[in-house]
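Visitor:
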Amino acid sequence: MKRPGFTFIEIIVSITIFTVIIVSVYSVFYMGIKTWRRNQEERSLQKVRMAFLKIEKELKRTFFFSMIPFKGTSKAILFPLSVSDLDSDAERLYVVTYAIDRDDYVGLEGLERKELVFSEDPGDFEEKKKNLLPLMKEIRFEYARISGDLSKTFAWQDEWDSAVEGSLPSGVRISLEVDTPQEVYNKVVLLEQGDF
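Start counting the sequence shown at 698; every next residue gets the next number (my numbering).
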């Protein structure tokens with residue numbers, strides 16, 4: 698007499714089919730997550746590159762101006778910037794600030810860019826703000842001074858004030874430490890009007 702139920706062979710075959718299906722679903726899911734993470738890392742790296750290019754371009758166009766001194770700390774930098782107006786042949790003078798915006802909730806920092814048109818009456822123009830970089834583990838600025846000896850090496854310091862120093866720094870080093878993947882990016886921008 699035959700009992701109702703599955704035979705041992707039927708159970709083994711069904712478990713094997715079920716295992717193959719589960720492994721296939723898992724591998725597709727894993728590959729999707731891996732591709733998404735790689736895409737996020739590349740996008741984050743691209744944002745860092747674009748931010749470095751923008752900061753470099755603007756720092757190379759700064760100049761010594763007594764009414765807007767070049768000021769920098771390890772967490773912020775302020776400098777004058779002259780930009781040609783597209784509507785006319787005139788140039789506009791801006792006060793540009795890159796400052797660290799810390800999010801204490803997640804413990805990460807972002808880089809914010811502020812620009813304000815330089816004017817006799819500060820109420821004439823509105824300050825424009827833009828988040829330039831996503832949240833990073835650490836962002837830091839350093840300023841170079843040429844050493845006085847014959848070696849002409851850079852001495853890096855955390856602060857710079859052109860009103861006190863009498864000139865622009867020779868260079869600015871920007872360091873970014875990203876959380877995922879654990880990497881540090883550095884960019885050194887040499888200023889053409891620095892203390893050479």
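Glycine included, C-beta positions come from ideal geometry on N, C-alpha and C.
If residue 778 and residue 791 are in contact, beta carbons under 8 Å, what's the gap, nearest whole angstrom?
Guide: As a working note, residue 778 is residue 81 in the sequence shown. As a working note, residue 791 is residue 94 in the sequence shown. Yes, they are in contact, since the Cβ atoms of residue 778 and residue 791 sit about 5 Å apart, within 8 Å.
Visitor: Tell whether a beta-carbon distance below 8 Å holds between residue 825 and residue 875.
Guide: The residue given as residue 825 occupies position 128 in the sequence shown. The residue given as residue 875 occupies position 178 in the sequence shown. Contact flag unset, no.
Visitor: Per DSSP, what are the beta-bridge partners of residue 794 in this structure?
Guide: Counted from its first residue, the sequence shown places residue 794 at position 97. DSSP, once it has assigned bridges, lists 775 and 811 as partnering residue 794.
Visitor: What residue does the alpha helix (DSSP H) around residue 749 start on, and which one ends it?
Guide: If you number the sequence shown from 1, residue 749 lands on position 52. Looking at the DSSP string, the run of the alpha helix (DSSP H) that includes residue 749 is 705 to 757.
Visitor: For residue 879, which residues does DSSP report across the bridge?
Guide: Taking the sequence shown and counting its residues from 1, the one referred to as residue 879 is at position 182. Its beta-bridge partners do not exist; DSSP assigns none.
Visitor: Measuring CA to CA, which of 873, 885 and 872 is closest to residue 866?
Guide: To locate residue 866, count along the sequence shown from 1; it is residue 169. The option with the nearest alpha carbon to residue 866 is 885.
Visitor: So who's on the other strand from residue 840, going by DSSP bridges?
Guide: Indexing the sequence shown from 1 puts residue 840 at position 143. DSSP, once it has assigned bridges, lists 854 and 869 as partnering residue 840.
Visitor: Could you tell me if residue 750 is buried or exposed, where buried requires 16 or more neighbouring beta carbons within 10 angstroms of its beta carbon?
Guide: Here the question's residue 750 lines up with position 53 in the sequence shown. Counting Cβ neighbours within 10 Å, residue 750 comes out exposed, since fewer than 16 surround it.
Visitor: Please classify residue 840 as buried or exposed, where buried requires at least 16 neighbouring CB atoms within 10 angstroms.
Guide: Stepping through the sequence shown from its first residue, residue 840 is reached at position 143. Per the 10 Å Cβ criterion, buried.
Visitor: What is the rounded straight-line gap between the Cα of residue 753 and the Cα of residue 889?
Guide: Here residue 753 refers to the residue found at position 56 of the sequence shown. Here residue 889 refers to the residue found at position 192 of the sequence shown. If you take the alpha carbons of residue 753 and residue 889, they lie about 12 Å apart.
Visitor: May I ask which residues mark the beginning and end of the alpha helix (DSSP H) holding residue 860?
Guide: Indexing the sequence shown from 1 puts residue 860 at position 163. Here the alpha helix (DSSP H) through residue 860 covers 859 to 862.
Visitor: DSSP on residue 781, reduced to helix/strand/coil?
Guide: By one-based count along the sequence shown, residue 781 stands at place 84. In this structure, residue 781 counts as strand in the three-state DSSP scheme.
Visitor: Pull up the distance between the alpha-carbon of residue 843 and that of residue 857, whole angstroms please.
Guide: Counted from its first residue, the sequence shown places residue 843 at position 146. Counted from its first residue, the sequence shown places residue 857 at position 160. Each residue's alpha carbon lies about 13 Å from the other.
Visitor: Would you report the Cα separation of residue 763 and residue 860, rounded to the nearest angstrom?
Guide: Within the sequence shown, numbered from 1, the residue matching residue 763 stands at position 66. Within the sequence shown, numbered from 1, the residue matching residue 860 stands at position 163. Residue 763 and residue 860: Cα-Cα distance of roughly 7 Å.
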